[in-house]
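Encoded as structure tokens, the structure appears first; notes follow it.
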Ligand SMILES: Cc1cc2nc3c(=O)[nH]c(=O)nc-3n(C[C@H](O)[C@H](O)[C@H](O)COP(=O)(O)OP(=O)(O)OC[C@H]3O[C@@H](n4cnc5c(N)ncnc54)[C@H](O)[C@@H]3O)c2cc1C
Ligand SMILES: Nc1ncnc2c1ncn2[C@@H]1O[C@H](COP(=O)(O)O)[C@@H](O)[C@H]1O
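Protein chains in written order, with the working numbering: chain L, 13 to 362; chain R, 17 to 585; chain S, 2 to 282.
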């Protein structure tokens, strides 16, 4: 196996805080690298990165390239682009695979890098794998052949109803961005060792064409439904306004959580419209959607169908919500929720 | 810089009536002609909903080659059934016992939205081949009000930028084919009729089924209609395994809570229907009203200075034959000649424009409508028909009697044998002249004192084939944005009082109870209950306006193409 | 010289997925039968262009790449107020991936010359990659602002705010520049009747129509056929499969003691890689 052709991850950090998607990328990269018998390389760019390179190693990187310069304190497309391209160009041969998060940063940066190298890039993948591919299509004879160790970049298409496997084995690096929350993050292993390789990048005047005037980060506690990772949502089955107190209490055990509601609960005046999820409310895509006392009318369903996991609790076994939830408990939510809260804390709490 | 925008002919609504007018105008025109077509739907056809089984007599006049072309035909009726339906049984009447106007063999099965799309394509083709002909189609632009110069109609407002010159489309002739959004204003303003229009509301679902029923149609009498309620069901088998299932329900009924979509679900509970749709998939849902007053609700004049009324806007629908499409088309066909002559002579008076009225009423449209003129009234004059006779027949069907027995009973034995009911039969079948009848507005029949009859319901049906109103509306694909407020509630206090009264009577208000799309609701603000609307659900059927006991709601033509998507209906 | 702007908006025609016509039983779209519509994300881009022109004057040029029916979106853009449309249509473009698409659109923009701002939508509803814009910017060597919500031009400079994860960023940049407009920006205003009327009048005149709507092919824009279409695309779609449809996939816990059910459920959640652990405090 060619030692140069590694799996390369561009880590995503904000204000020297490594984003969760970076761990997910490392988790995926580790699996890919093991299948290929190669190393995981990571690149992190910024200023005063401190222990980030070490964390990357603990999370699975074998080599960490760091570009730590004052110009990179704030993300801008052109400076980060310059740095990433410089590092990739420093290799004798390009990596086999380059992965980026499908975050606002990754979706801004990755296409520029791909266009620079004139190579393929698959956006928003939900799964990555390695496998063989035989291309038979005669339209372009130069593409015909069987290719081993291709990157399988798998992503939803056609409004999430299909999955498609995208391939680009003809040119390296084979690039992909991965949807946040889709891959399983690698676990911390403090005993892992790896190499940290500092790089120095020369910028061009043109790299500073775009100036950041101000960055405003929201520190609001009341997380936006659309961005929430966990949504605890209540419907008519709550029976009244008080029900939402139970939900709010339950939601405190989750980070990045928000309270949702079905239209009937909103119409009944139990909770403001801002919480309404569904066709006439918000479309959400959390990691977990917990539907409590929601029947699952189709209007509601279209708003939550992008959730990665849907858990439903409903008294009525025939409620339509059970037709599309991933997990369901048939029972009284007032009985189930307190137990659920305990159990989540016991099994998964830190 | 803006000069006023003017066409020779401005069509309000791209329905079969107006599109036939446009096509025929192009065919006949010898001089350059400029036509504008306004359609409130996002696309032509997206607000059109019908059955639709129709005599193809006008279609074959317009498109002689229609059978062998890309004409969007859903099928030709091979088997036409009139079905007597009870909760347990479903009996298709033998042919000899079926009244001739229910025999639809050889008729075309259409889907109106496709028909309109096809007609616009044909119109554009004619335009191309004709020097000086201009036809501009403006989908997504609703005519929202009428512009007059004194007593003459000169244009319609189609935008709301605030600048009249850019918002108004002027025309020498404005043709209203709009099913009441504006045409009612013409009828009222010019005092064209002293008999109100009365309506039915139709709800329809399109299913994709495992088996094909192409060419088979059923019209139903009985279950799930409440005794005394005028209406019935229809099931039309279309190509590509599509099945149209619908109910048509008169708005002139005491029950303030008809819940049209739920009556349709009741029909779908019947084992006969269940067998057809089991394993299938709901594709579309929609609702629309039908003017059912017929001859005596038609305006005295079909034209005023600068404007004409066509199709449903003019009341040409014939409930007895359940024929609206062909008559609407024929009205456009006949009007073309008057409009052309008016353009040639430069005379746009009501008299000149209205010349077609005579031709239309002397031809088959007039003959059939006149022949049906007491049909609807028979059910008013002889309420026993709906309350006893039909329920009686249905009961005997339910008890296992053969349909011919039930029908015989209808003809010979009591209670149908009474002299009175023989009169009713005469009114239905072969009217002698009794003189004009006068209807009362639908809203006046709604009664808080209504008592629902106990009804037997089918058992053993598959729940997953039924939909709540909130769920089924999803299949109307409605789309609105925040600036939509196309239904006016004229006085909030009137609504609050109405709610109080109906609450006390144990009913939802008629707007809530008769809504086809879960739009109207009553909410509580702590002090009192008030009326509120989820306008984003609205399919623009206008039922709420018709049944509001206080005439406190007005459904305006929604702008910007907002509304349902009935393509495929 | 005034500060008039030459603005390009990239608009794609996509299948109308809200209508059932043309959606195959397996969920894929039959492009021949499907209804078509303007990519909804591109409407925000068009609105930004209209706002800028209202403020500074200049011209708006809409560009679309696609098969001949895609000309409909250019008519649409003109009815909304765009000045001109260019349709790049060429058989050799079939099966282009985003890199190849970006190359072709980059050649179009080069052909148009002296552009101040290129607006694109955030992403498309059929391609859904959000990468065409930045890939074009890379070829043009333009700076870029993605996820842009707000933008003005002042003293020849662009001042914009863009969404970032967890906040917003205010930026200043020179022109020319490429901007991808977020779908939280201002909605496209409705077409105005008078505007639609005038564009219909105008396009009736064959000569005026030719000037307003131009058809381009690869040769005209001097593009290398090897860099587009299947040949120029580094990626291909391998296989597609349907995502588990409703029904049957729900793991239903019922009948047992509630505490037991809850235990089993949480166990499943933690062992089946659902990624929930990370969010439990
Ligand atoms: C459920 C149902 C079943 C039916 N079944 C049958 C049947 O089997 N056979 C039969 O022959 N007839 C049937 N009919 C009746 C038939 O559909 C109508 O009679 C016929 O469509 C009338 O045609 P029209 O052109 O007059 O009006 P419509 O078909 O109502 O067309 C009016 C058009 O105008 C548009 N419009 C309205 N207001 C405005 C405005 N202000 N500005 C711009 N555009 C506007 C509407 O969007 C619509 O496109 C049925 C009707 C219903 C509701
Ligand atoms: N064929 C095309 N024609 C014109 N613009 C396009 C085309 N493909 C992509 N775009 C533009 O690029 C943006 C991002 O598209 P995508 O990368 O496909 O998600 C779109 O919103 C359009 O503005």
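Note that beta-carbon positions come from the ideal geometry of N, C-alpha and C, so glycine has one too.
Assigned exposure category for residue i - 16 Cβ within 10 Å defines buried
| i | result |
| --- | --- |
| residue 74 of chain L | buried |
| residue 389 of chain R | buried |
| residue 585 of chain R | buried |
| residue 185 of chain R | buried |
| residue 232 of chain L | Confidence in residue 232 of chain L is poor, its pLDDT being 48 and thus under 50, which makes the residue's placement too unreliable to answer from. |
| residue 220 of chain L | exposed |
| residue 146 of chain L | exposed |
For residue j and residue i, the rounded distance between their alpha carbons
| i | j | result |
| --- | --- | --- |
| residue 247 of chain L | residue 491 of chain R | 22 Å |
| residue 172 of chain S | residue 100 of chain L | 28 Å |
| residue 20 of chain L | residue 127 of chain L | 17 Å |
| residue 64 of chain S | residue 144 of chain S | 20 Å |
| residue 272 of chain S | residue 46 of chain L | 22 Å |
| residue 244 of chain L | residue 263 of chain S | 16 Å |
| residue 522 of chain R | residue 512 of chain R | 15 Å |
| residue 564 of chain R | residue 274 of chain R | 13 Å |
| residue 509 of chain R | residue 336 of chain L | 43 Å |
| residue 185 of chain S | residue 263 of chain L | 27 Å |
| residue 314 of chain R | residue 290 of chain L | 44 Å |
| residue 281 of chain S | residue 18 of chain L | 34 Å |
| residue 164 of chain L | residue 183 of chain S | 29 Å |
| residue 266 of chain R | residue 255 of chain R | 29 Å |
| residue 238 of chain L | residue 182 of chain L | 38 Å |
Within 8 Å, strictly: CB atoms of residue i and residue j
| i | j | result |
| --- | --- | --- |
| residue 84 of chain L | residue 23 of chain L | no |
| residue 515 of chain R | residue 494 of chain R | no |
| residue 462 of chain R | residue 393 of chain R | no |
| residue 323 of chain R | residue 503 of chain R | no |
| residue 329 of chain R | residue 196 of chain R | yes |
| residue 559 of chain R | residue 277 of chain R | no |
| residue 124 of chain R | residue 92 of chain R | yes |
| residue 51 of chain R | residue 27 of chain R | yes |
| residue 208 of chain L | residue 50 of chain L | no |
| residue 299 of chain R | residue 233 of chain R | no |
| residue 349 of chain R | residue 40 of chain R | yes |
| residue 254 of chain S | residue 270 of chain S | no |
| residue 342 of chain L | residue 326 of chain L | yes |
| residue 38 of chain L | residue 72 of chain L | yes |
| residue 64 of chain R | residue 128 of chain R | yes |
Backbone secondary structure at residue i - three-state DSSP
| i | result |
| --- | --- |
| residue 23 of chain R | strand |
| residue 229 of chain R | coil |
| residue 378 of chain R | helix |
| residue 326 of chain R | coil |
| residue 43 of chain R | helix |
| residue 312 of chain R | helix |
| residue 264 of chain S | helix |
| residue 106 of chain R | strand |
| residue 208 of chain L | strand |
| residue 58 of chain S | coil |
List, from N- to C-terminal side, the alpha helix (DSSP H) runs of 4 residues or more that fit wholly inside the segment 32-113 of chain L. Restricted to the segment 32-113 of chain L, the alpha helix (DSSP H) segments that are unbroken, complete and at least 4 residues in length are 32-48, 64-70, 89-101, listed in chain order.
Of all the alpha helix (DSSP H) runs that stay within the bounds of the segment 139-185 of chain R, which reach a length of 4 or more residues? For secondary structure counted as the alpha helix (DSSP H) over 4 or more consecutive residues, the segment 139-185 of chain R holds these complete runs in sequence order: 180-183.
Start-end ranges of the alpha helix (DSSP H) lying completely within the segment 165-236 of chain S, minimum 4 residues: Counting whole runs of 4 or more residues, the segment 165-236 of chain S contains the alpha helix (DSSP H) stretches 194-205, 207-213, 230-233.
Of all the alpha helix (DSSP H) runs that stay within the bounds of the segment 258-285 of chain R, which reach a length of 4 or more residues? The segment 258-285 of chain R contains these whole alpha helix (DSSP H) runs: 276-285.
Residue ranges of each alpha helix (DSSP H) within the segment 44-112 of chain S, 4 or longer: Taking only runs of at least 4 residues, the alpha helix (DSSP H) segments lying wholly in the segment 44-112 of chain S are 72-81.
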